[in-house]
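Chains as they are written, first to last, in the working numbering: chain A, -1 to 245; chain B, 100 to 733. Glycine included, C-beta positions come from ideal geometry on N, C-alpha and C. Below is one structure, written out as C-alpha cells; comments come after it.
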Amino acid sequence: MNRPTNNAVNVAARKSGMAGLEHTNQIGERSSRSQNSTTQRNGGNSSRSHTRGMARSSAATSPVRVRLADDRAPWRVQMQVAGSILLGLVVMAVVALFYLNVSAKTAALGRQIQFYTVRLDGPHRVTVDDPEGTIIPIEEIDIQIAGLRARLAELNSLERIERRAQEMGFKPLDANSIVYLRVPGYQPRKAIRLAPEPAPQVATITNVLPAYRSTLIDAVSQGWSSMVNKVMAAVISAGTPAEQVQP
Amino acid sequence: MRRSGSRRFSTQTLEAASRILPFTGHDGESSLRASWRYGLVALFFIGVGFGIVLQILRIQFGEVGQVFREEISSLETVYHTFYPGRGDIYDKNGNLLAGSRQVYEVAIDLYYVRNPQTIATVMATAMKSHIGYDRPEYYFEVLAKASQNPTATANYIVVADYVTEDELSLIKELGASFLYATKAKPNELAPSLAGLVFRPRLQRIYPEKDLASNILGFTDWDGNGLYGLELAYNNLLAGQPFMRVFSIDPLAADQMPKIEKGGDIILTIQREVQAAVEDILDRAVRDSGASAGTIVVMNPKNGEILAMTSSRRIDPNRYYDFPEIINSQLPFNMPFGQTYEPGSVFKVLTMAAALDSGTVTPESTYIDTGYIEIGGIGIYNWNYGAWGEQNMTGCLQHSLNVCMVTLAMKMGPTVFYNYMRAFSIGRTSGMDLAGEPRGRLKNVDDKDWFESDLGTNSFGQGVAVTPIQMMAAISALANDGQMVQPHVVYAYATGGRQYTLQHTPPGSPIKAETARTITEMLAQSLEEEASNSLVEGYRVSGKTGTAQIPTATGYHPSLTNASFVGWGPSDDPQIMVYVWLQEPTSSPWGSVVAAPVFSEVFQRVAVLTNLPPDAVRLQFKNAAARVELSGVTP
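What follows is the structure in C-alpha cells.
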C-alpha cells in the first residue's frame, strides 16, 4: 500500500518536474520496481500489455518518461546482462579460436620441422612408401648431388677416357707430331674457379655526362682538332682529280 | 501470530528473492525452492571445478609436479651433433680427385619387425657380393639380430653399412614384393621386411683410383684424414661439426640451419701430367730393378708441384687392402716424407756457393789428382781416377768429388755452411703437407761435427734431405737466385669464396747472375757429356747423383741411390724434375738409370703443358718482340 502505483509515480514525477536526469532516473527505477510488483499482483499479465498500459499512462504525462520506463523494463535488463555475458563469451571464443588456430599451425609446422629433422638423421623405412617422399630436405639433396658429382667424375676418369679414346682409334700425342701456331691474344688455360675471390669488386660508376666533365681546354682543343680535320679534308678533296675519286 | 509472522517472513523472503532472482516463477514459494536447488547444484559444480583447479595448481607447482618436471626435463630435449659433408679435392683443371658418394646404412628397428627370417634372407641375398658381408654366417647374424626383443636402450641395430645404391634398390624391390604377401601356412609368419630401415650417408671416394694417391692420402671409415692432404687439411675438408638441441615440443621446434659442407681444395697438380709421370716412374722402377722410385715435377718460377709420385701407390678406395704399405716404416709419400743422402746432385749447391762467394769463377781451373785428404780421411772421385786440369764446368760435368772438397776447403766451413743454411738444407721446406721431416745438416758448432764432414757434405754425403727440400734449394738456381716454396694446394674454397694461396719466397741464397751462370754451366756439361738426360728440342740443365746408402756399419758396398735433378728450358726454366731411384740393380749410376727418366718426363710434361720446343718458342718470342717494336697490333 505504501508503494506508489505507476500513475502515482508519474504524478510524483510530474510534480518534481524535469529538473534533472538523475532524479528522473530514480523515478524511473522506482516505477520499474512498482511495475514488477504490479505484474505479480496482476497474476502474470504479459509485459507487452503492461508496457501498453505504461505507454497509455505515460502518454498522458510525458513521452520521455514512457521511454525511460520502457528502457528499464526487466526483460531488457535481463537481456542486457545475458547479452553482455554472451558478448564476452563470444569475444573470448574468437580470441581462443585465433589462438588455437595459430597454435595449431605452429605446432603443425613444428611437427613438420621435427619430421624433417628426423628424416635428415633418422632412418627411412624400406617397406612403406614415404608420403613425403617427393619433398626431400636440402641436406639429402646435397648428399645426392655429391653422389652424382662423384659418379660423373668416375665416368670422366682419365683411365676411362683413355680407354674410350683408344677404342675410338686415338693414340697419345707424339712430341714430333705437334705443330705449334702463334695465336695472338691467346690466353692459356687457367685454374678452375669454384667460387668468387673474396676481394671486393670495385666499380667506378658516374652519372655525369662527358660533356659536363670536359674542361675549357678540352673544349678548345676538341674544337681546334675538328676545325683542322675539316680544313685538311677540304684541301685533300680540292687537290684530288675528279676521275680518281671512287664512287 | 507465529503463523502470521511466519507467513509474513515468507512473503518478505519471497519478495526479496523476487528482487534478487530475476527469473522466478509465478508461484513465488515453489520458485524459491527451485532456486535453492539450482543454487545447490551450481555450488556443487562450482566446488568440483574449484577442486579441479586446485588439483591442477597442486600438480603444477607442488611436490608432485616436481617429479613430473624432472622426468620431462630429461626427455624434452635431444642433443645431436651434425657432421657436414667432407669437402672435395680437385686438380688444377677441375677434375675431381677426391669426392663423396651416397651410400646407405641399413638397420633394423626392432619395434616393427614382423618376420626376422625375411629380413635375414633379403639382406643375405642383396649383400652377397659386398665385401665383408659375403659370408654364409651373415644370414644367421642378421637373423639373430632381427629376432631380438626391443629394449628401451637397444632397438636400433645396424646390419649393413656402406650399402651401395644398387644393393639398396635390390632390397627395396624385394621388400615391395612382400607388401601384399600372405601367410604360406597358418602357423607361419607372412613374409615382411617391416622393421628394416636405412639412411643415407656419404662415403669418401677417389674416382681416379690410385692417381696421386701419394699426395691425396686417404680417410678412415669415419671420414678422418689419415695420410697426405686428407690429413694435412682435415680441418678444412671436414668442416665444422655443430651440436644442436632439439625439443620434442613442436612449438619449440626451430628451423635447422643449413649444414655447410667442408671446404674444397684445388691442387696445383694436373691430372694428365700426374698420370704420365706415374706411368713413367712405374716403368723406370721396373726396368732399373729399383726397390722404389720417386719423381717430382715442379714449376721453378712459383713452386707449384705439377706432379709428385712415388712407386708405393695404393687405391685409396681400398686402403684397407694394403696393410703392408699402411703399416710400413717407409713414408707413404717418399719425395716429401723420406730423407736420404742425395749424393752428387748436392754438388750444384756447393758450386753455387763457391761461385756466389767469389771463391771461384767458371773459368777457374785446378789440377785433379783423384785424391784429397780432409780431417784425416781421404776422399776419392767416384771412379777413383784423376782427371787432371779441370775448370768448374768440368768439375760438374765429371762430378768430381775431389773438386768439391777443394771448393769447400777454399770457402771454409763458415761460408760453406752459411750458404747451405741459406739454401734451407737441414730445415723443412714448409710444403703444405703433414709430417715433413727436417733433414740433417751438421753445424760447425755441433759436437759430432768433424772437419771431414765439410768434405763429405760438399758432395752430398753426410747430409739428409728429402727430394722436395732439394728441389726447394735448387729452385734458386733455376729462378734467378730466388728460392720458391714447393706447394700442392693452389686454392681452397669455403663459405662461398675461393682463396688463392700466396706463398712467400723462402729467400735468395745466391745472386741472379750466379744462378744464370751455373744454369749455363750445367747445360754445357750435359751437352758436352752427351748425357742421357738431354731432351730433343729443349736445352736443359741438370746434374746426376749417385750416392752410397748408409747402413749401421758404414756405407753399403753396392747399393746406391740414383738421382737426377734438371730444369729447362735453360734460358727460361719452366719445368724442374727430380728423379730418385732407390737401389737400382740394372746399374748403380744415376747417369744411366735416372738421367733417361728425366729426359722422358721433361719431354712428356712439355707436351702436356703446351711448352713448345726452344726453336719454336724463341721464334714466337722474336716475332712478338718485332711486333712490339713495330707497334703493329696483330
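query                                                                                                                                                                            : result
A:Tyr178 touches chain B at which residues, Cβ-Cβ below 7 Å?                                                                                                                     : Pro711, Val715
Taking DSSP as the reference, what is the three-state secondary structure of B:Asn578?                                                                                           : coil
With respect to the alpha helix (DSSP H) encompassing B:Asn556, which residues constitute its N-terminal and C-terminal limits?                                                  : 550 to 557
Give a yes or no on whether the C-beta atoms belonging to A:Leu156 and B:Arg185 are separated by under 7 Å.                                                                      : no
According to the neighbour-count rule (16 or more other Cβ atoms, all chains shown, within 10 Å of its Cβ), is B:Thr650 buried or exposed?                                       : exposed
Just to confirm before moving on: does the CB-CB distance between B:Phe558 and B:Lys446 stay below 7 Å?                                                                          : yes
Thinking B:Ala661 and B:Leu680 are a contact (beta carbons under 8 Å), I'd like their distance in whole angstroms, please.                                                       : 5 Å
Out of curiosity, what's the CA-to-CA distance linking B:Val587 and A:Thr213?                                                                                                    : 54 Å
Taking only beta-carbon positions, decide if B:Gly124 is within less than 7 Å of chain A.                                                                                        : Residue placement at B:Gly124 is flagged as unreliable, the pLDDT there being 48, under the threshold of 50; the coordinate-derived value follows with that caveat. No - not a single Cβ of chain A is within 7 Å of the one on B:Gly124.
What are the partner residues of B:Tyr591, as DSSP defines its beta bridges?                                                                                                     : B:Ile364, B:Tyr598
A:Arg149: which of B:Asn286, B:Glu307, B:Leu269, B:Gly442 sits nearest, CA to CA?                                                                                                : B:Glu307
Compare the C-beta of A:Arg147 against all C-beta atoms of chain B and say whether one is closer than 7 Å.                                                                       : yes
To the nearest angstrom, how far is the alpha carbon of B:Tyr189 from that of B:Ser630?                                                                                          : 37 Å
Compare the C-alpha of B:Asp197 against each of B:Thr684, B:Ile304, B:Met491 and name the closest.                                                                               : First, the residue type needs correcting, since residue 197 of chain B is Ala and not Asp in the sequence shown. Out of B:Thr684, B:Ile304, B:Met491, B:Ile304 has the C-alpha closest to the C-alpha of B:Ala197.
Less than 8 Å between C-beta atoms, sequence neighbours within five positions excluded: which residues of the same chain meet that for B:Thr684?                                 : Ser387, Gly388, Ala389
Would you list the residues sitting across from B:Lys46 in a DSSP beta bridge?                                                                                                   : With chain B represented from 100 up to 733, any question about residue 46 of chain B goes unanswered, as that position is not in the structure.
With the cut-off set at 7 Å, would you say B:Gly665 and B:Gly641 are in Cβ contact?                                                                                              : yes
If distances are taken between C-alpha atoms only, which option among B:Tyr419, B:His497, B:Asp547, B:Thr224 comes closest to B:Asp467?                                          : B:His497
With a cut-off of 7 Å, does the C-beta of A:Arg123 fall near any C-beta of chain B?                                                                                              : yes
With burial defined as no fewer than 16 other Cβ atoms inside 10 Å of the residue's Cβ, what is the status of B:Gly595: buried or exposed?                                       : exposed
According to DSSP, is B:Glu682 helix, strand or coil?                                                                                                                            : coil
To which residues of the same chain is B:Gly361 closer than 7 Å at the C-beta, ignoring the five residues directly before and after it?                                          : Pro183, Gly184, Arg185, Gly186, Leu335, Leu336, Ala337, Gly338
For B:Ile473, which option in B:Pro512, B:Ile379, B:Ser463 has the closest C-alpha, if you only look at C-alpha atoms?                                                           : B:Pro512
A:Glu138 touches chain B at which residues, Cβ-Cβ below 8 Å?                                                                                                                     : Pro299
Quick check on the burial criterion: 16 or more other C-beta atoms within 10 angstroms. Buried or exposed for A:Ala10?                                                           : Caution is warranted here: a pLDDT of 42 is assigned to A:Ala10, below 50, making its placement in the model unreliable, and no coordinate value can be reported.
Taking C-beta pairs closer than 9 Å, name the residues in chain A that B:Gln702 reaches, listed in chain order.                                                                  : Ala173
Note down, in chain order, every chain A residue with its Cβ under 9 Å from the Cβ of B:Ser199.                                                                                  : Ile141, Ala144, Gly145, Arg147, Ala148
How would you list, in chain order, the residues of chain B whose beta-carbon sits under 9 Å from the beta-carbon of A:Gln112?                                                   : Phe345, Ser346, Ile347, Pro349, Ala352
Evaluate A:Pro154 with the Cβ neighbour count: other Cβ atoms within 10 Å of its Cβ, from every protein chain shown; 16 or more gives buried, anything less gives exposed.       : The question names Pro, but residue 154 of chain A is Asn in the sequence shown. Exposed, since its Cβ has fewer than 16 Cβ neighbours within 10 Å.
Kindly provide the ranges of any beta strand (DSSP E) runs that are 3 or more residues long and lie completely inside the region 485 to 567 of chain B, ordered along the chain. : 487 to 490
Would you say B:Pro306 lies against chain A (beta-carbon separation less than 7 Å)?                                                                                              : yes
Mind checking if A:Ala102 is an interface residue toward chain B, Cβ cutoff 7 Å exclusive?                                                                                       : no
Among B:His229, B:Leu156, B:Ala406, B:Ala219, which residue has its Cα nearest to the Cα of B:Tyr238?                                                                            : B:Ala219
Taking only beta-carbon positions, decide if B:Tyr137 is within less than 7 Å of chain A.                                                                                        : no
Does B:Glu162 pass the burial test, meaning 16 or more other C-beta atoms within 10 Å, or should it be called exposed?                                                           : exposed
Could you tell me whether any Cβ in chain A is nearer than 7 Å to the Cβ of B:Arg412?                                                                                            : no
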